[in-house]
Amino acid sequence: MVSTCFYFQVHQPYRLRNYTIFDIGENHDYFDHPKNKEILNKVAGKCYIPANKVMLDILNNVPEFKLSYSFSGILLDQLEEYSPDALTSFQELVDTGRVELLSETYHHSLSFLYSKEEFRDQVRMHKRKIKKLFNYSPKVFRNTELIYNNELASYVEDMGYKGIIAEGADHILGWRSPNFLYKPAASKSIKLILKNYKLSDDIAFRFSEKSWKDWPLTAPKFCQWLNAANGSGNCINLFMDYETFGEHQWEDTGIFKFLRHLPEEILKHPDNDFATPSELVKRYPVMGELDIHNPISWADVERDLSAWLGNRMQQASLRRIYDLERSIKLSQDKSLLDDWRKLQISDHFYYMCTKWFSDGDVHKYFNPYDSPYESFINFTNAINDIMIRLKDEDRRGRIINRASIIEESVS
Amino acid sequence: MKVLMFGWEFPPFKSGGLGTACYDLTKGLARQGVNVTFVMPSAPEGADSDFVRIIGCNNLKDRIKIKKIHSILQPYMTSESYHRSLKNAPHFKSKGEVYGSNLYKEVYRYSESARFIAEEENFDVIHAHDWMTYQAGINAKQVSGKPLVLHMHATEFDRTGGNPNSYISHIEYTGLKSADKIIANSNYTKQNIINHYNIEPERIEIVHWGIDPDNLYLNMDYDPAIKKSRDKIVLFLGRITLQKGPDYFIEAAKKVLDFEKNVKFVVAGEGDMLDRMIDRTVELGISDKFLFTGWLKGADVYKAFKMADLYIMPSVSEPFGLVALEAIRNSTPIIISKNSGVSEVVSHALKVDFWDINQMANHIVSIIKYKELEEEMKENCYKESCRFNLDKPARECIHVYDRVVSG
């Protein structure tokens with residue numbers, strides 16, 4: 000038996016507004032509310048609502064079908080605020096009982112790399128949010144952008160998770176197949192579920208690429224590839240951004256039609272079925288141990304951290320934001336804490352990436368700013384304002400540990 | 000391929016981007032095996048130096064032939080500046096020639112001389128640079144029957160901030176209508192040509208400029224101690240005219256100084272707005288933070304880039320903006336106007352609306368204060384500058400020649 004496992008990532012960041020030196024100390028609102036609302040509504044209209052309708056139809060017509068989602072907490076906040084209809088349609092899907100939800104950091108952050116305490120706080124926040132909105136308790140963890148290493152696996156195992164998701168990157172797998180479960184080195188029983196990036200990217204990136212030799216991609220053609228894994232794997236893990244449907248691949252590419260036919264096409268082969276990540280964990284044994292010391296991710300060809308940590312601007316920004324943790328938490332100021340957490344959203348650092356900037360590729364497509372330099376300027380100005388707010392708190396005597404305040408402003 | 004080119008005197012004798020562009024193009028063409036007869040207006044005094052020597056490469060010498068027409072025309076001249084030049088010019092009468100009594104008559108006289116050159120010379124295609132040479136190009140076409148390529152480096156609308164001199168815009172219009180093909184130095188310029196002169200888009204080809212990686216000033220070693228002052232230096236370099244936005248630079252500087260005291264603003268260039276700009280810095284009480292250097296030549300230009308912590312080009316309208324490429328080639332971070340051709344081809348820059356002095360100040364202060372930003376921009380803009388050379392624009396021009404010659 001080969002189980003197809005769908006997991007879709009659902010996330011939208013809070014983008015920063017053009018926050019200038021003139022705003023520092025004057026205006027504490029860092030976010031571009033009109034733009035965030037506009038984009039959320041656009042994505043809800045083009046993707047979430049129509050794709051959820053397709054999913055619900057499939058769930059109603061194909062009893063074997065199952066799937067899973069991972070929502071960032073801030074996406075859920077934005078759905079509540081801007082698009083309650085889309086949220087309701089997600090809730091309807093979960094109510095079928097055949098949709099699994101995964102655990103992640105509330106703020107889609109890189110906190111695991113910088114502060115375990117903050118990481119744990121955000122995972123708990125996320126857990127509460129999922130419980131509240133969906134009455135659901137996740138069992139499987141996925142970290143921001145599938146950033147993963149041994150340490151993360153054993154850390155979340157201690158937090159009680161049974162499974163964890165990562166990229167099936169060639170450089171860690173070598174000759175091994177992503178179509179099995181693995182045991183992370185240095186952990187006890189948690190199982191590692193790997194993305195089959197070739198088949199996932201056929202849908203997510205290449206679907207509408209007319210220069211691709213396999214264009215146009217049809218459900219029968221895709222299933223041929225998928226069936227080739229029979230006898231040499233337990234699971235085919237198709238992980239991608241949910242925005243693939245209708246937003247990255249527009250409706251006129253035929254992506255919804257493809258999606259609608261895919262499950263019944265998969266079931267045509269008698270050895271195929273569907274499983275969610277926690278079902279995979281229950282059903283299949285591990286095939287071996289994977290020792291992954293350096294963090295991997297699902298970004299770019301490098302599949303490493305360079306999309307967020309590749310240059311000095313990104314490194315300095317991340318260092319600055321996490322250096323503030325102690326002071327922020329001691330201040331017990333809710334709005335400061337909230338702003339500080341929203342500044343941890345990994346997208347802010349992704350926008351500062353200069354790696355492929357001249358080539359105008361995917362980074363540019365997802366970047367709301369004209370350049371990585373502008374995103375850095377907005378971010379750093381906002382951090383400077385946070386520091387002024389912290390000093391004000393300090394003066395009012397609200398922060399107990401004065402030594403933790405950074406005296407010098409960022410310069 | 001043989002080209003009859005009506006161009007402008009090469010640097011360092013004349014200032015401004017047009018001479019540099021002609022120099023670079025001629026060199027690039029010669030390197031690609033094209034023969035160029037280069038015609039330029041040239042005043043008798045000081046400018047009779049060996050042109051080919053300036054080109055610098057002996058093996059290209061045979062491909063380039065220089066023809067001078069005695070004239071005091073210079074690029075970017077206005078009626079007023081022509082009169083000043085005329086007053087200062089020793090009247091040159093040895094061949095019975097006398098300069099025109101005004102700019103337009105001088106352009107006419109120059110254009111008539113072009114006929115004789117066109118009769119004498121052997122060529123396949125005519126290439127003329129900016130409005131003062133357009134009539135010369137048209138005349139050469141009449142005499143020879145060869146196709147005419149007109150190169151638009153700046154329209155009259157760019158130079159005047161949208162208040163064109165109707166005589167000049169008429170010359171531009173007539174030229175554009177008569178040309179077999181038009182080369183625009185950017186998409187920005189192409190759009191201006193379409194919008195202002197109603198020219199069919201398919202007649203216009205875009206050729207973005209490059210820079211000469213062999214330029215010896217670029218490869219000179221500059222003493223790092225060149226920067227003695229601990230103050231940060233923000234550089235403006237270009238004609239001090241309405242088109243270049245010097246007034247926005249000064250207003251932005253005032254805002255910067257409200258945040259950062261240790262900054263000096265260097266204005267390198269001359270132009271009809273210079274006096275007004277100096278007065279304005281006095282009015283704002285920031286004249287001690289400004290240094291007006293006049294025109295810089297040759298190595299001094301590159302020294303200025305090396306000294307500067309950033310270069311800003313706040314042009315109201317910048318058809319291309321070659322100086323920005325020279326800046327990044329010197330690893331100097333740039334802030335450039337969105338109304339520019341160079342912003343189409345350079346990614347590693349901060350781009351602003353010329354009127355948005357708050358954003359300009361925000362970017363200036365950020366580059367000065369945030370060292371990671373400065374370091375990343377320096378490193379990446381230099382890397383990007385290495386993608387530009389002279390061969391690519393030359394090849395693209397040759398492609399245009401091939402098309403007009405084959406009809």
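Heads up: the sequence lines are chains A and B, in that order.
Just so you know, we're using numbering that gives the first Met the number 0 here: the first sequence kicks off at 0 and counts up by one.
Just so you know, we're using numbering that gives the first Met the number 0 here: the second sequence kicks off at 0 and counts up by one.
Virtual Cβ for every residue (Gly too), placed ideally from N, Cα, C.
- Per DSSP, the beta-bridge partners of residue 236/A are 4/A.
- Interface annotation, residue 365/B: in contact with chain A, CB-CB separation under 8 Å.
- A Cβ of chain A is located within less than 8 Å of the beta carbon of residue 362/B.
- Interface annotation, residue 258/B: in contact with chain A, CB-CB separation under 8 Å.
- Under the Cβ distance rule, residue 158/A does not count among the residues neighbouring chain B, no pair being separated by less than 8 Å.
- Annotation for residue 293/B: no alpha helix (DSSP H) segment contains it, though the beta strand (DSSP E) segment containing it runs 289 to 293.
- Identification of residues in the stretch 365 to 386 of chain B having a C-beta nearer than 7 Å to some C-beta of chain A yields 365, 368, 369, 371, 372, 374, 375, 376, 379, 383, given in sequence order.
- Counting every other CB atom within 10 Å of its CB across the protein chains shown gives residue 303/B a total of 16 or more, marking it as buried.
- Annotation for residue 36/B: the continuous beta strand (DSSP E) segment containing it runs 34 to 41.
- By DSSP's assignment, residue 140/A forms a beta bridge with 102/A, 163/A.
- In chain order, 375 make up the part of chain B whose C-beta sits under 7 Å from the C-beta of residue 310/A.
- In the DSSP assignment, residue 148/B forms a beta bridge with 126/B, 180/B.
- Scanning 154/B, 326/B, 261/B for the CA closest to the CA of residue 301/B turns up 326/B.
- Closer than 8 Å at the C-beta level to chain A, one finds these residues of the stretch 318 to 352 of chain B: 346, 347, 348, 349, 350.
- For the stretch 16 to 44 of chain A, residues whose beta-carbon sits nearer than 8 Å to a beta-carbon of chain B comprise 17, 19, 20, 21.
- In the structure shown, residue 315/B adopts coil according to DSSP, grouped into three states.
- Rounded to whole angstroms, the gap between the alpha carbons of residue 293/B and residue 269/B is 5 Å.
- Every alpha helix (DSSP H) stretch that sits fully inside the stretch 213 to 280 of chain A and reaches 4 residues is listed by chain position as 218 to 226, 254 to 266.
- When C-beta distances to chain A are compared with 9 Å, every residue of the stretch 25 to 36 of chain B stays at or above that value.
- The contact set of residue 369/A on chain B, defined by CB atoms closer than 7 Å, consists of 350 in chain order.
- According to the DSSP secondary-structure assignment, residue 66/A is paired through a beta bridge with 98/A.
- Straight-line measurement puts the Cα of residue 311/B at about 6 Å from the Cα of residue 234/B.
- The beta-bridge partner set that DSSP reports for residue 267/B consists of 236/B, 293/B.
- Taking C-beta atoms as the reference points, residue 266/B and residue 245/B count as a pair closer than 8 Å.
- DSSP, reduced to helix, strand and coil, places residue 304/A outside both helices and strands of the structure shown, so it counts as coil.
- With respect to chain B, the C-beta atom of residue 348/A has no partner C-beta closer than 8 Å.
- Residue contact check for residue 315/A against chain B: a CB pair falls below 8 Å.
- The beta carbons of residue 32/A and residue 344/A sit no closer together than 8 Å.
- With contacts defined by Cβ atoms closer than 8 Å, residue 2/A and residue 138/A do not form a contacting pair.
- Under the 8 Å Cβ criterion, the stretch 343 to 358 of chain B does not count as touching the stretch 142 to 159 of chain B, having fewer than three qualifying pairs.
- Under the DSSP definition of a beta bridge, residue 202/A lacks any partner.
- For a Cβ distance threshold of 8 Å, nothing in chain B lies close to residue 301/A: the least Cβ distance comes to about 18 Å.
- Rounded to whole angstroms, the separation of the alpha carbons of residue 56/A and residue 311/A is 48 Å.
- Taken through DSSP and simplified to helix, strand or coil, residue 183/A comes out as strand.
- For residue 358/B, the nearest beta carbon of chain A is closer than 8 Å to its own beta carbon.
- The Cβ of residue 375/A sits closer than 8 Å to at least one Cβ of chain B.
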